[in-house]
Each structure stands twice: as structure tokens, then as C-alpha cells.
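Just so we're aligned, residue 54 is where the sequence shown starts under our numbering, counting upward by one.
Ideal placement from N, C-alpha and C gives every residue a C-beta, glycine not left out.
The structure presented is a predicted model; accordingly, all values stated were derived computationally and were not measured.
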Amino acid sequence: MQMQNFIINDSVEKYHKALPERIRAYLNQRCILNEIIDKFKIGWNGNAITIPIYDRNGEFLFFKYRKDPEDESDKAKYWYDSGTSTELYGWENIDEQFVVFCEGELDRLALESKGIPAITGTSGVGTFKEEWVKYLENIPNLYVCYDKDDIKEGMKNTKKFLEKLPLSKYISLAFLGDGKKDITDFFMLDKTKEDFLKLVRKAQSLDDLKFLDYLSFSEESFLHPSQDFINNRGYFTIPMTEYKDNKRKQIYYMVTSERKLLRLENEEEFYKKYKFHINHLPAIQNQKTRWLNNLIVEFIRDEYTVNPKNIFNNIKNIYQKYSEMKEEGWYDILPLFVIGSYFYIIFETFPYIAFEGIKNTGKSKTARITIRMSFNGMLTTGLSDANLFRIIEDLRCALGIDEAEELRDKEKNQSLRAILNAGYSKGAEVLRQEKTNKGTFESRYFNVYSPKVIANTRGLEDTLESRTVKVVMLRAKGERGTILDSESSDNWPEIRHSCYCFALTYFKEIRE
């Protein structure tokens, strides 16, 4: 449909003839030529600029009004008569080979003044009728160019447009300086038709935008839902049980180095509030709380004083109470391993601890108390291979491996061997095949970097031993090492509390 002439309407003609020279000059200043003003019958009703809107057949429908540019009141800039509905402004360009879909009527007229066919909607960028798609999709070279005043909202509407019309492309005005936002502003910078066509040649498809979204998304901050230290802040995620309407629900809170609590129930809501992405929450129901609520409150309220020397000595005393070691120096090394497990992620590597000795030397007990004090400590007992990979990735846990004699045999326990061979180094990943709900298999990488504690009698193979600090255990000759440990034999929550607080308080200095 090539529509060159509009059906004459008395009001349209009347208002056009009444157009004052000052309004014509204003439109000229906005890069709208007199021939376009006359062609499209832009007029004046005595109070506002009138823009006649027509249907597909060239029949006049209604006026879109633009406030007098000299009117400094806070009245709306654009409006139209009540009872009217959203319409396309530019139906006559539907059969053109090249069309720009823009945001407003004056932008459309500025494009027409440059010889560029243009269309816009009359109710703003957020209003788009589905029935328009069948007309617009036949335009072989259709481009959308919205204002850049609200980039986020503008891109949202642009993507909606491109999703409805996937063969169209997006012309970006993001480069315009402060105070400049639309097509009219572009041409008012003395830009020509050729300048605009250069933008057209750089136009992006929906796939282009999705790829750019991916790039920007990958550069944004990702927060691991366990232990993380980014942007000079530290974060620990703590599971908590919430009771509401007689129902029990596990939620999470993040404790920060700024002594704040951030509620983490929904990944999308968390991003809106704090601008951090979280891929997923730990897929572990009834996760054990390692940092007690009342102790967290002490830290948040600044009621706990972090004393590094006391923390070190308290952990050292635990080892001296329960374990007999060949060299006294190990009583200094092991507290550092425990404390370091609370911020191990800031290091490029973190060596394992291996307790070795003949039977009844307390190596299993020493590994057990190490795990009990370390960050998210967990023993491998009863864990399937699949759970083992997920738990390390989700919880960044200190993993305890008892009775590890099989590790010398390369043919046995290959999953655990793969974890240990890679998991001493930051960024370490292991590729595994997992069975899907459909019964097929898919490959996936798991991050397995975390502190590890090993107890065995036969030693380790050379490769694994090179990643390990080996502690040789002795049979107890006196009271030291004969005391049995249990969940209530010491104040383990208080020790863990001191390590959490130390990590959040001193991680920046240690990273330096």
C-alpha cells in the first residue's frame, strides 16, 4: 500500500493554516523541514501543536498534541483526545523496503526530513499492538531506534520489539552525550543522513544483543553462596530455619565483613537489592548450621573482639589436648590450616593435610577434630560420588577422608582421586558425566578446589603427596592423645565462631 495523499479533513486543514511562524521555526530548529511540515499538515489549535494521525486507508483518526514550547508549566508534553486508541503513525511507509521504527512523532518527522521512511506508535515506546506485526514483518529492512534516556528500560522494550520482529535490527544511540537522548538530538548535532546510515550499518540483531548481554553478565559480580571475598568485602552464607504459618522453611542469610545480614531467599530478588548474581543456592535440605545464630548476633552487634593470638592458641590447645604428634611444630601448623580454611578461596593454592601413622596413633581422631573446626567441614563417609562433587562445589567445604589407604591404588576410587589430584588449586575443575531425568548422560565440570584432610596408614602416591603437608602421628605415651573427642567434649561452635569473625575482619590484610 503506497499511500501518497491523505483524505482531506477540515480541522486538519484549518489548524495547519493557523500554524504560527514561531512554531514553524521551532520545528525547523528540531530538524523538521517546511516541506515535511506541510506534507504531514502539522498545525496549531491556539494552545498546542497538532499532529494529525491517520489509519491505514488515510482516514483522519485524531490529533496528537504537543505542548507549546514556550509553555513552562508542568503540563504533560504530549497528549491526545480521550476515546482514542494507540495507532501507528506512518502507515504510508508499510510497503517501503527500508523503514526506521522510532519512539516519537517529532523523531519520525525529523527522519522523514532526511529522506528516511519512519514509523512510530502514538502511545509511547511501551505500547505495541500485536496486530501490527503482520504488517511490519513484511518490511525487508526494518530497524528500531528508541531513545536512550532510560537505557535499561529502553533495552527491555527494544528486545521485546526484536522478539516480535526477529528479522529487524537495533540502532543504538547510547553514544550520545549527556542531555542528548533521541534521533532529533542526533540530527541537531549537525549530523546528516549519511551519518545516520552509518549507524544503520552498525545495527545489531537480537542475537547480537543477547551475546553482548552475555558478555556484560559475565563481567558482573558473582557471589558464591558459601564463602566469598570480592570487592574488598567478605561474605559467608548461613542456613537458617524459618517458621511461618506452621510451616518450616530453610532460607539463607549472608553475613558480611561490614557486620550486616543480607537475606537470601530468591536469586533474582537478591540481585535487585545488592547487584550480585548467584547461580544457585546449595541443593542441600536441612543443611547443618556451623555458625550459631546467637554468635552471629555477637558479630553483627560488634560485641565480639577478634584477638588473632587467642584464636590461634585456643585451636593449638585443642590439638595438644587430643593428639600426639612426632614434632611440636605441627601444633603450630595445624591451627593455621583450620583458620585458613575460612578464607582459602583468596589463595591460588591451598595444600592438603595428611595424618599418617600406624594403627592407634589418633590420626582419624585428629582428622576428625580438624574437620570439626574447619570451614563447613564434612567427612566423606556415606557420600556417593555424585554428592561428593556437588557438595564441594556448593559448600566449599573442608573435606575429610578417613581410611584413605585405597588412594595408593590407581585403579580404585577414581572419583576421589580425581578430586584430590585437581582440588588443591584455585579454578580446578573435574569433568563428569551425569545421568539426566530422561535417562541420558551429559557432561559437566565441577569446581573441586577446597581444603582436604586425609588420614591413612600407608602413605600417598608421589603426585598426591606433592600437594600435601604430611603430619606423622605417634601412639600416645601419656595423657596427651588418649582423651576421646565428641560433639560436646569442647566448645566447637565457639572455635568456629572465632574463625568466622577472624576471616571477615582480617582477610584484606592477609590477601595483601
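Check your understanding: By DSSP, does C84 sit in helix, in strand, or in coil?
Key -> Collapsing the DSSP output to three states places C84 in coil.
Point to revise | Beta bridge counterpart(s) of P105 as assigned by DSSP | key: DSSP, once it has assigned bridges, lists F116 as partnering P105.
Review point. What is the DSSP secondary structure of I89, reduced to helix, strand or coil?
Key: Looking at I89 - three-state DSSP - the assignment turns out to be helix.
Exercise for review: From the DSSP output, in three-state form, read off P278 for me.
Suggested key: DSSP places P278 outside both helix and strand once states are collapsed to three, so it counts as coil.
**Study point:** P361, enclosing alpha helix (DSSP H) - first and last residue
**Key:** P361 to Y375 is the span of the alpha helix (DSSP H), which, as asked, contains P361.
Practice item. Run through the region 423 to 497 for me and flag every whole beta strand (DSSP E) of 3 or more residues, listed as ranges in chain order. Key: Contiguous beta strand (DSSP E) elements confined to the region 423 to 497 occur at 452 to 454 and 482 to 488, taking only those with 3 or more residues.
Check your understanding: How big is the Cα-Cα spacing for Y79 and V65?
Key -> C-alpha of Y79 to C-alpha of V65: approximately 20 Å in a straight line.
Exercise for review: State the Cα-Cα distance for the pair F323 and Y288, rounded to the nearest angstrom.
Suggested key: Rounded to the nearest angstrom, the two C-alpha atoms are 14 Å apart.
Check your understanding: Mind checking M54: buried by the 16 CB within 10 Å criterion, or exposed?
Key -> Only weak support exists for where M54 lies, its pLDDT of 36 falling under 50; the value from the coordinates is given anyway. Exposed, by the Cβ-count rule.
Practice item. Identify the continuous beta strand (DSSP E) that holds P292 and give its terminal residues. Key: Under the DSSP assignment, P292 falls in the beta strand (DSSP E) whose first and last residues are R286 to K297.
**Study point:** Burial state of R520, where buried means 16 or more other Cβ atoms lie within 10 Å
**Key:** It is buried - the Cβ of R520 has at least 16 other Cβ atoms within 10 Å.
Review point. Is the distance from the Cβ of L345 to the Cβ of Y305 below 9 Å?
Key: Their beta carbons are not under 9 Å apart, which means L345 does not touch Y305 by this criterion.
Practice item. With a cut-off of 8 Å on the beta carbons, I'd call A163 and I224 a contact; round off their distance for me. Key: 14 Å between Cβ atoms; not a contact.
Check your understanding: Given that a residue counts as buried once 16 or more other Cβ atoms are within 10 Å of its Cβ, and exposed if not, what is Q57?
Key -> For Q57, the pLDDT reaches just 48, beneath the cut-off of 50, and the residue's location in the model is therefore unreliable, leaving the point undetermined.
Point to revise | C-alpha gap between P193 and D148, whole angstroms | key: So the alpha carbons of these two residues sit roughly 9 Å apart.
Review point. Cβ atoms of I172 and K151: under 9 Å apart, would you say?
Key: With the sequence shown as reference, residue 151 is identified as Phe, and Lys is not the correct amino acid for it. No.
Review point. Got a sec: is the Cβ-Cβ distance from N210 to anything in chain B below 9 Å?
Key: Protein chain content of the structure displayed is limited to a single chain, and chain B is not contained in it.
Check your understanding: Helix, strand or coil: which one does DSSP assign to V501?
Key -> Coil.
**Study point:** Other residues of its chain near S468: CB distance less than 6 Å, five sequence neighbours each side excluded
**Key:** The residues are D438.
Review point. Quick one, which of S166, M208, S221 and V197 has its alpha-carbon nearest E190's?
Key: Among S166, M208, S221 and V197, the Cα nearest to that of E190 is on S221.
Check your understanding: Apart from the five residues just before and just after L141, which ones in its own chain have a Cβ nearer than 7 Å to its Cβ?
Key -> Here the set comprises I172, G174 and W185.
Exercise for review: Go ahead and label K117 buried or exposed: buried means 16 or more other beta carbons lie within 10 angstroms of its beta carbon, across all protein chains shown.
Suggested key: Under this definition K117 is a buried residue.
Exercise for review: Might you give, ordered along the chain, the residues of its own chain that have their beta carbon closer than 7 Å to the beta carbon of P404, omitting 5 neighbours on each side?
Suggested key: Same-chain partners within the cutoff: Y477, R520, T521 and V522.
Exercise for review: Would you check if there are 3 or more beta carbon pairs closer than 8 Å linking the region 529 to 549 to the region 491 to 505?
Suggested key: Short answer: they don't touch.
**Study point:** Buried or exposed (CB count within 10 angstroms, at least 16 for buried), G480
**Key:** Burial is judged here by how many other beta carbons sit within 10 angstroms of a residue's own beta carbon; G480 has fewer than 16 and is exposed.
Review point. Does the beta-carbon distance from A451 to N429 come in below 9 Å?
Key: Taking 9 Å as the Cβ cut-off, A451 and N429 qualify as a contacting pair.
Exercise for review: Can you say whether E196 is buried or exposed, counting buried as having 16 or more other CB atoms within 10 angstroms of its CB?
Suggested key: Correcting the residue identity first, residue 196 is Tyr in this sequence and not Glu. So Y196 ends up on the buried side.
Check your understanding: What residue does the beta strand (DSSP E) around W132 start on, and which one ends it?
Key -> First-last of the beta strand (DSSP E) with W132: Y131 to Y133.
Exercise for review: State the Cα-Cα distance for the pair F113 and L242, rounded to the nearest angstrom.
Suggested key: Linking F113 to L242 through their CA atoms gives a straight-line distance of about 34 Å.
Review point. Cα separation between Y553 and L448?
Key: Y553 and L448 have their C-alpha atoms roughly 15 Å apart.
Point to revise | Sheet register partners of I406 (DSSP bridge) | key: According to DSSP, which records beta bridges pairwise, I406 is partnered with V506 and V522.
Check your understanding: What number of angstroms, rounded off, separates the C-alpha of K341 from the C-alpha of Y397?
Key -> Just so you know, the alpha carbons of K341 and Y397 end up roughly 21 Å apart.
Check your understanding: DSSP state of N191, grouped into three classes?
Key -> Three-state DSSP puts N191 in coil, outside helix and strand.
Review point. On the three-state DSSP scale, how would you describe G96?
Key: Secondary structure at G96: strand, using DSSP grouped into helix, strand and coil.
Check your understanding: Is the beta carbon of E380 sitting closer than 9 Å to the one on V525?
Key -> Pairing E380 with V525 gives a Cβ-Cβ distance under 9 Å.
Practice item. Check whether the Cβ atoms of I548 and M378 lie closer than 9 Å to each other. Key: No; because the gap between Cβ atoms is not below 9 Å, this pair is not in contact.
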